[in-house]
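Report on one structure; see the data block that follows.
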Amino acid sequence: MAAGRRAPRTGLLELRGPGGQWLRVLLSLAEDALGVSPADGPGPAAGPGEAPAAQLNGGDPGSAVPEALANIRRTVRVVKQDVGGLGISIKGGRENKMPILISKIFKGLAADQTEALYVGDAILAVNGTDLSEATHDEAVQALKKTGKEVVLEVKYMKEISPYFKNSSSGATVSWDPSPATLQKRSSPLLPPKELRDARTVPLKMCYVSRKCLPTDPEHRYLEVCSADGRVALFLRAKDEATAQSWLSAIQASAGALVPRVKEELRAQLAGAGAVAGRDVKHVGWLTEQLPSAGTRNLLAVLTEKELLLYSSLPQSRDALGKPVHSYPLIATRLVHSGPAKGSALYEAELSFALRSGTRLGVQTHLFSLESPRDLALWTRLLVDGTHGAAELVQEVSAACTWKGQDCTLSIHIDKGFTISTTEPGLSKTILLQQPFEKLQMSSDDGTKMLYLDFGGPEGEIQLDLHSCPKTIVFIIHSFLSAKVTRLGLLA
Numbered sequence: 007m008a009a010g011r012r013a014p015r016t017g018l019l020e021l022r023g024p025g026g027q028w029l030r031v032l033l034s035l036a037e038d039a040l041g042v043s044p045a046d047g048p049g050p051a052a053g054p055g056e057a058p059a060a061q062l063n064g065g066d067p068g069s070a071v072p073e074a075l076a077n078i079r080r081t082v083r084v085v086k087q088d089v090g091g092l093g094i095s096i097k098g099g100r101e102n103k104m105p106i107l108i109s110k111i112f113k114g115l116a117a118d119q120t121e122a123l124y125v126g127d128a129i130l131a132v133n134g135t136d137l138s139e140a141t142h143d144e145a146v147q148a149l150k151k152t153g154k155e156v157v158l159e160v161k162y163m164k165e166i167s168p169y170f171k172n173s174s175s176g177a178t179v180s181w182d183p184s185p186a187t188l189q190k191r192s193s194p195l196l197p198p199k200e201l202r203d204a205r206t207v208p209l210k211m212c213y214v215s216r217k218c219l220p221t222d223p224e225h226r227y228l229e230v231c232s233a234d235g236r237v238a239l240f241l242r243a244k245d246e247a248t249a250q251s252w253l254s255a256i257q258a259s260a261g262a263l264v265p266r267v268k269e270e271l272r273a274q275l276a277g278a279g280a281v282a283g284r285d286v287k288h289v290g291w292l293t294e295q296l297p298s299a300g301t302r303n304l305l306a307v308l309t310e311k312e313l314l315l316y317s318s319l320p321q322s323r324d325a326l327g328k329p330v331h332s333y334p335l336i337a338t339r340l341v342h343s344g345p346a347k348g349s350a351l352y353e354a355e356l357s358f359a360l361r362s363g364t365r366l367g368v369q370t371h372l373f374s375l376e377s378p379r380d381l382a383l384w385t386r387l388l389v390d391g392t393h394g395a396a397e398l399v400q401e402v403s404a405a406c407t408w409k410g411q412d413c414t415l416s417i418h419i420d421k422g423f424t425i426s427t428t429e430p431g432l433s434k435t436i437l438l439q440q441p442f443e444k445l446q447m448s449s450d451d452g453t454k455m456l457y458l459d460f461g462g463p464e465g466e467i468q469l470d471l472h473s474c475p476k477t478i479v480f481i482i483h484s485f486l487s488a489k490v491t492r493l494g495l496l497a
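The opening position of the sequence shown corresponds to residue 7 in this note's numbering, with each subsequent residue numbered one higher.
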């Protein structure tokens, strides 16, 4: 073992499959990956030769394939499920001097539901792509890249059925279920018989949680998902202490990789010619509580000016520039962190709520985290980030109408409020200028009007912003909070 590298942690847990079946697996936690391999012991039988060549779909061994189908080219349409992919394993390939063969069909999954595929079928083409001369890896990749609907051209190869009893070079296509997002309707399932060989989950920005669905009264469940959402494990430990120990260990290993991820994201931003204010301050997973009572996991990237939310870790400049949501910190406010008595919405103790002022109104989001440490970290980062963004931005402007005249409202963190107008060919004319210290009251109608009162002879100033004023209202609050923080006071 190389100097400076710690020995992997290993241990026995159980992996859940369809129908609530559990398979004993050996976990091996290295510095950058979590290895999973079958372990001897109780659990669903999965010997290397339990699938006879004539097995029909996912049914009982020995179910006969109709004799009329032998060596006849057939076309079968398969509609993938959200979990389990095609639900087949394959063997063979050009390097083995064999066609691509279906070696296993998992009962109840997509291929089995067609009732038209058999163990021993050779896959000749997928969605029109010829696989007759494909290597094993090429076939695996071709099957993984398919969409929701897959058209397979197959032929049952009766004469090569002994291959299945003697070869262990199979690969499971459905190991990568390809979820579009990490939306958490229920925790993922993997067919137990898929684990022929050791598999790994990359730890770089992997999602790990004990808040699993369905809930576990014994608190023994653990969920691990790769950053791209393609490899997901639903595990059960022998007791709560063991589950927590594995959670902490995986989180620690994944956390050690975060600085590397931040550097990669910074390089992508720099390569895209990003302007100042896009430096990456933090990155981590948040679980958003959806209005429909469901949840979804989002990867949050906190920059100097924005909170960016992604369904998975962006792997390119293009993906980084297309977040699911983007909220400017200067117009975003932390309104809740931790438990709040008497509020059903905020029952979760490890949660925080954000409100963002937008041109369409106020958007509210409730997020939960895995530990008090994570909650404290995100709370401080968001508060400090709002103040930092205010200092960085310094000034914002918005078009408005005051006393029937088209104007510009400018708000500067130091100079305060300025209402000005510019006539064609003339210089800017300042109509009103007031510092923050004179502001006695501000309010809005939630639609388009902003009201400011500086206690002067002009009385209440009524500004028509032509759109929802909440963005400006939130920015005023951020400037005030940042100014109070400058004085060393609690904002």
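Heads up, the beta-carbon is just placed ideally off N, CA and C, and yes, glycines get one too.
Exercise for the section: Hey, could you find the ends of the alpha helix (DSSP H) K150 is sitting in? Expected result: H142 to K150
Practice task
State yes or no: is the C-beta of S215 within less than 8 Å of the C-beta of E464?
Solution key: no
Exercise for the section: Compute the distance between the beta-carbons of T135 and E101, then report whether it is under 8 Å. Expected result: no
Exercise for the section: State the Cα-Cα distance for the pair A177 and S95, rounded to the nearest angstrom. Expected result: Caution is warranted here: a pLDDT of 37 is assigned to A177, below 50, making its placement in the model unreliable, and no coordinate value can be reported.
Problem - Among C212, K268 and G114, the one whose alpha carbon lies nearest that of G91 - result: G114
Exercise for the section: Could you name each continuous beta strand (DSSP E) segment of 3 residues or more that falls completely within the region 300–329, going from the start of the chain to the end? Expected result: Listed in chain order, they are 301–309 and 312–316.
Practice task
Please report how far the alpha carbon of P54 lies from the alpha carbon of Q27, in whole angstroms.
Solution key: Legend: pLDDT at P54 = 26, less than 50; position of this residue unreliable, value from coordinates given subsequently. Taking the straight line from one Cα to the other gives about 18 Å.
Exercise for the section: Sort out for me which residues DSSP pairs D470 with in a bridge. Expected result: Beta-bridge annotation (DSSP): D470 is paired with T407 and M455.
Handout entry: Proximity winner among L137, R272 and H483, relative to H393 (alpha-carbon distances)
Key = H483
Exercise for the section: Since I believe L35 is in contact with R15 (beta carbons under 8 Å), could you give me their beta-carbon distance rounded to a whole number of angstroms? Expected result: 4 Å
Exercise for the section: Classify E159 as buried or exposed, calling it buried when 16 or more other Cβ atoms lie within 10 Å of its own Cβ. Expected result: buried
Handout entry: Distance, G99 Cα to A117 Cα
Key = 20 Å
Problem - Element boundaries [beta strand (DSSP E), containing R79] - result: R79: member of the beta strand (DSSP E) spanning R79 to V85, first to last residue.
Handout entry: Beta carbon of T309 nearer than 8 Å to that of D324
Key = D324 sits away from T309, with the two beta carbons spaced by 8 Å or more.
Handout entry: D127 - DSSP class collapsed to helix/strand/coil
Key = strand
Handout entry: Opposing strand residues paired with V399 [DSSP bridges]
Key = According to DSSP, which records beta bridges pairwise, V399 is partnered with nothing at all.
Problem - Which residues DSSP lists as bridging W291, in chain order - result: Looking at the DSSP assignment, W291 forms a beta bridge with L305.
Handout entry: Candidates L313, E37 and V289, of which the one nearest T338 by Cα
Key = L313
Handout entry: Test item: CB-CB of L130 and I111 under 8 Å
Key = Going by C-beta atoms, L130 is not nearer than 8 Å to I111.
Exercise for the section: Report yes if the C-beta distance between I477 and R361 is below 8 Å; otherwise report no. Expected result: In the sequence under discussion, the amino acid at residue 477 is Thr, which differs from the Ile named in the question. Not a contact, by the Cβ cut-off of 8 Å.
Handout entry: Proximal residues to L438 (C-beta, below 6 Å), its chain only, five neighbours per side dropped
Key = Hits under 6 Å: I425.
Problem - Bounding residues of the alpha helix (DSSP H) (the contiguous stretch that carries E246) - result: E246 to A262
Handout entry: Inter-residue spacing [alpha-carbon to alpha-carbon] between L29 and T293
Key = 28 Å
Practice task
Would you mind stating whether Y457 and Q468 have Cβ atoms separated by less than 8 Å?
Solution key: yes
Practice task
Report yes if the CB atom of K86 is closer than 8 Å to the CB atom of K150, and no otherwise.
Solution key: no
Exercise for the section: Indicate the three-state DSSP secondary structure (helix, strand or coil) for S426 in the structure shown. Expected result: strand
Problem - Under the three-state DSSP convention, the category S69 falls into - result: With a pLDDT of only 44 at S69, under 50, the local geometry of the prediction cannot be trusted, and no value is derived from it.
Problem - Beta-carbon proximity list for N133, same chain, < 7 Å, skipping 5 on both sides - result: T152, V156 and V157
Practice task
Rounded to whole angstroms, what's the CA-CA distance from L253 to F485? Just pull it up for me.
Solution key: Their Cα atoms are separated by approximately 40 Å.
Problem - C-beta contact flag for F480 and G367 at 8 Å - result: Taking 8 Å as the Cβ cut-off, F480 and G367 do not qualify as a contacting pair.
Handout entry: Strand pairing of P44, partner residues [DSSP]
Key = For P44, which the question treats as bridged, DSSP gives the partners V31.
Practice task
Let me know if Q446 comes out buried or exposed under the rule of 16 or more other beta-carbons within 10 Å of its beta-carbon.
Solution key: exposed
Handout entry: Spatially closest choice to T453 from S433, K434 and C474, by CA coordinates
Key = C474
Problem - F442 versus C212 - alpha carbon distance - result: Each residue's Cα considered, the two are about 45 Å apart.
Practice task
Return the CA-CA distance between S433 and T414, expressed in angstroms with no decimal places.
Solution key: Answer to the nearest angstrom: the Cα atoms are 13 Å apart.
Exercise for the section: Mind reading off the beta-carbon distance from L239 to Y162? Whole number of angstroms is fine, and I expect it under 8 Å. Expected result: Contact flag wrong, Cβ pair sits at about 34 Å.
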